[in-house]
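Structure, as C-alpha cells:
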Amino acid sequence: MTTKCKVLITGGNGQLSADLAQVFDNSDTVILNRETLDISKAQEVEAALLHHKPEVVINTAALTDVDACEGNATQARLVNSHGPKNLVTAAQRTGTRVVQISTDYVFDGTLGRPYIESDMTNPQSIYGQTKLEGELVMREEDLVIRTSWLCGIHGSNILKTIIGLAHRERPMSFVSDQIGHPSFTKDVADTIQQLVELQAHGIFHVTNQGPVSWYEFAQTVLDLMGRPPNQVTSITTEELDPPRPAPRPANSVLKNQALLAAGLVPPPDFRETLPELVEALCE
Ligand SMILES: NC(=O)c1ccc[n+]([C@@H]2O[C@H](COP(=O)([O-])OP(=O)(O)OC[C@H]3O[C@@H](n4cnc5c(N)ncnc54)[C@H](OP(=O)(O)O)[C@@H]3O)[C@@H](O)[C@H]2O)c1
54 MTTKCKVLIT
64 GGNGQLSADL
74 AQVFDNSDTV
84 ILNRETLDIS
94 KAQEVEAALL
104 HHKPEVVINT
114 AALTDVDACE
124 GNATQARLVN
134 SHGPKNLVTA
144 AQRTGTRVVQ
154 ISTDYVFDGT
164 LGRPYIESDM
174 TNPQSIYGQT
184 KLEGELVMRE
194 EDLVIRTSWL
204 CGIHGSNILK
214 TIIGLAHRER
224 PMSFVSDQIG
234 HPSFTKDVAD
244 TIQQLVELQA
254 HGIFHVTNQG
264 PVSWYEFAQT
274 VLDLMGRPPN
284 QVTSITTEEL
294 DPPRPAPRPA
304 NSVLKNQALL
314 AAGLVPPPDF
324 RETLPELVEA
334 LCE
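Each residue of the sequence shown is one higher than the one before, starting from 54 at the first, in my numbering.
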C-alpha cells in the first residue's frame, strides 16, 4: 500500500521504527532518532513539527527497558509521559495527528480472558504507569496502538536472545505463567499503516494472534531451529533468579477487537510469521 500522507516517525533507531520506515517508505517520510529529536524536550519537539509540518507523527520513542524504568521513575516519566504530551502540544499548532505506541503493561494482567480496548487499565510498574500517562494525553483525533511482546529483524529483542542461546547450545529457562501475543514489528507496522490511511482514532490493540507463554514461545523457536526441546526449561515467575525489579502482567493477551470492529484483518497467528523471521535471523 502506498502512503499518501506525510509522516514523521520518532525513536528512529528502535526496532518498530525500522519496520515503520520501510512501510512508510517515500520521499515525504521523516525519521528522527534520539539525537535528532529528543521527545522529552518541548522546544525541540515544537521546532521539529513546525519545520517538517507532518500530517501524522508516529511516536515509537520510549524508555522500553521496564526494569530500568522501575529504578528511574523521573526519567521514565520524562520520556514516556512528557514526550507524548510535548508531541500533542506541538501537533495542536501544526494540525498534526499523533499515533502513540503503547503497551500491554497498562493492564495488571489479572483478568481471566483476553483484554479488549475498553477494559480497565491498572498498571503495576513504572513503565506501565508512564506509558498509560502517555495514552491519556492523546486527543480525540489521535490514535493509540497497544501492542505486546515485540520482535523483529532490527534492534534487540527476546527472539534474538533465544536464537543466540540456541546457537551457543546454552540451556535456557523461561516462565510458563506469563502469557501473551508475540508480535512482529513488520506485521504491526503494516496494520499501523492501514489505520493511518483510514484516519482511525481511539485505542486499537494490534498484535499477532495465538496466546502462548514465554516458555512455549521459546520451545516453538527451538523447534524451528531443529534444536532439542529440552534446551529450554519451564519455570515460574517466582523462580526467576534474580527476581526482576518490575512486575510483569501474567495475562498480556490483547484481543484485537477494535480492528475487527473496523472491518480490518488483525495480524496473523505468530506461527505463520515466525518461521521466515527465524530463518532470516539465523542467516
Ligand atoms: N518492545 C516491546 O516488547 C514492546 C511491547 C509493547 C509496546 N512497546 C512499545 O512500542 C514502542 C516501540 O518499541 P521498540 O521495541 O521499537 O523500542 P526500542 O527498540 O527500545 O526503541 C525505542 C527508541 O526510543 C528511543 N528513545 C528513548 N528515549 C528517547 C527520547 N527522549 N527521545 C527520542 N527517542 C528516544 C531509543 O533511542 P536509543 O536507541 O538512543 O536508546 C530507541 O531507539 C515503544 O513505545 C514501546 O513502549 C514495545
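Beta carbons: idealized from backbone N, C-alpha and C, even for Gly.
Using only CA atoms, which one of R130, V306, H220 lies nearest to S93? Indexing the sequence shown from 1 puts residue 93 at position 40. Comparing alpha carbon positions, the residue from R130, V306, H220 closest to S93 is R130.
Can you tell me where the alpha helix (DSSP H) holding N139 begins and where it ends? If you number the sequence shown from 1, residue 139 lands on position 86. Per DSSP, N139 is one residue of the alpha helix (DSSP H) stretching across 136 to 147.
Tell me whether S236 sits in a helix, a strand or coil according to DSSP, three-state version. Counting from 1 along the sequence shown, the entry for residue 236 is found at position 183. Residue state, collapsed to three classes: strand.
Just to confirm the assignment, what range does the beta strand (DSSP E) spanning V190 have? In the sequence shown, counting from the first residue as 1, residue 190 sits at position 137. That residue, V190, is in no beta strand (DSSP E); it is neither H nor E in DSSP.
Using the Cα positions of E193 and V141, report the straight-line distance between them to the nearest angstrom. Translated into the one-based positions of the sequence shown, residue 193 becomes position 140. Translated into the one-based positions of the sequence shown, residue 141 becomes position 88. Those two C-alpha atoms are separated by around 11 Å.
Beta bridge counterpart(s) of Y168 as assigned by DSSP: Within the sequence shown, the letter at position 115 stands for residue 168. For Y168, which the question treats as bridged, DSSP gives the partners L307.
Rounded to whole angstroms, how far is the Cβ of P320 from the Cβ of N261, which I believe are closer than 8 Å? On the sequence shown, residue 320 is found 267 positions in, with the first residue counted as 1. On the sequence shown, residue 261 is found 208 positions in, with the first residue counted as 1. Correct: roughly 5 Å between the Cβ atoms.
What is the DSSP secondary structure of C335, reduced to helix, strand or coil? Counted from its first residue, the sequence shown places residue 335 at position 282. Helix, per DSSP.
Give the straight-line distance between the Cα atoms of H254 and A299, rounded to the nearest whole angstrom. On the sequence shown, residue 254 is found 201 positions in, with the first residue counted as 1. On the sequence shown, residue 299 is found 246 positions in, with the first residue counted as 1. A direct Cα-Cα distance of roughly 31 Å separates H254 from A299.
Which residue from R199, T63, G162, A100 puts its Cα closest to that of V132? Along the sequence shown, one-based indexing puts residue 132 at 79. Closest by alpha carbon: T63.
Is it true that the CB of T238 sits closer than 9 Å to the CB of A71? Stepping through the sequence shown from its first residue, residue 71 is reached at position 18. Stepping through the sequence shown from its first residue, residue 238 is reached at position 185. Cβ distance < 9 Å, so A71 and T238 count as in contact.
Output needed for E170: all residues of its chain with C-beta closer than 8 Å, excluding positions within five of it in sequence on either side, in chain order. The residue labelled residue 170 in the question sits at position 117 within the sequence shown. Only R199, G255, I256, F257, H258, Q310, A311 meet the Cβ criterion.
Take H104 and list the residues in its own chain whose beta-carbon comes closer than 8 Å to its own, dropping the five residues that flank it on each side. Translated into the one-based positions of the sequence shown, residue 104 becomes position 51. Same-chain partners within the cutoff: there are none.
Please confirm if the stretch 207 to 216 is in contact with the stretch 174 to 188, defined as three or more CB-CB distances below 8 Å between the two stretches. With a cut-off of 8 Å on Cβ pairs, the stretch 207 to 216 is not in contact with the stretch 174 to 188, counting fewer than three such pairs.
Output the distance between the C-alpha atoms of V60 and T286, rounded to the nearest integer angstrom. In the sequence shown, residue 60 corresponds to position 7, counting from 1. In the sequence shown, residue 286 corresponds to position 233, counting from 1. For V60 and T286, the distance between alpha carbons rounds to 44 Å.
Run the proximity test for S266: is its beta-carbon closer than 8 Å to any non-hydrogen atom belonging to ligand 1? Position 213 of the sequence shown, counted from the first residue, corresponds to residue 266. No, since every heavy atom of ligand 1 falls outside the 8 Å radius drawn around the Cβ of S266.
Consider the C-beta atom of I216 and the heavy atoms of ligand 1; say whether any pair is separated by less than 8 Å. The sequence position of residue 216 within the sequence shown is 163, counting from 1. No, Cβ of I216 sits at least 8 Å from all heavy atoms of ligand 1.
Have a look at A114, R297, D276 and flag the residue whose alpha-carbon is nearest the alpha-carbon of Q153. Position 100 of the sequence shown, counted from the start, is the residue given in the question as residue 153. It is A114.
Contacting residues, own chain, Cβ-Cβ under 7 Å from A143 (five flanking each side not counted): Within the sequence shown, the letter at position 90 stands for residue 143. Excluding residues within five positions, the ones whose Cβ falls inside 7 Å are V98, E99, L102.
Whole angstroms is fine: what's the gap from A95's alpha carbon to N139's? Residue 95 sits at position 42 when you count from the first residue of the sequence shown. Residue 139 sits at position 86 when you count from the first residue of the sequence shown. For the pair A95 and N139, the Cα-to-Cα distance works out to about 5 Å.
By alpha-carbon positions, which one of G205, V151, S178, G124 ends up nearest to A333? Taking the sequence shown and counting its residues from 1, the one referred to as residue 333 is at position 280. That would be G205, whose Cα lies nearest to the Cα of A333.
Assuming T156 and K184 are in contact, meaning their beta carbons sit under 8 Å apart, how far apart are those beta carbons, in whole angstroms? Position 103 of the sequence shown, counting from 1, holds the residue named residue 156. Position 131 of the sequence shown, counting from 1, holds the residue named residue 184. Between T156 and K184 a beta carbon distance of about 5 Å is seen, short of the 8 Å cut, so the two are scored as contacting.
If you follow the alpha helix (DSSP H) that R130 is part of, which residue opens it and which one closes it? For the purposes of this step, residue 130 is identified with residue 77 of the sequence shown, where counting begins at 1. Going by DSSP, R130 is part of the alpha helix (DSSP H) stretching over 126 to 130.
Measuring only from the beta carbon, is Q68 closer than 8 Å to any heavy atom that is part of ligand 1? As a working note, residue 68 is residue 15 in the sequence shown. Yes; taking the cut-off as 8 Å, the Cβ of Q68 has a heavy atom of ligand 1 nearer than that.
Have a look at D294 and S236 and give me their C-alpha separation to the nearest angstrom. Start at 1 with the first residue of the sequence shown, and residue 294 comes out as number 241. Start at 1 with the first residue of the sequence shown, and residue 236 comes out as number 183. Here the C-alpha atom of D294 lies approximately 26 Å from the C-alpha atom of S236.
I'd like to know whether the C-beta atoms of A303 and I232 end up nearer to each other than 9 Å. The residue labelled residue 303 in the question sits at position 250 within the sequence shown. The residue labelled residue 232 in the question sits at position 179 within the sequence shown. In this structure, A303 lies near I232, with their beta-carbon atoms less than 9 Å apart.
For H207 versus F323, is the C-beta distance shorter than 9 Å? Within the sequence shown, the letter at position 154 stands for residue 207. Within the sequence shown, the letter at position 270 stands for residue 323. Not in contact: H207 and F323 (Cβ atoms no closer than 9 Å).
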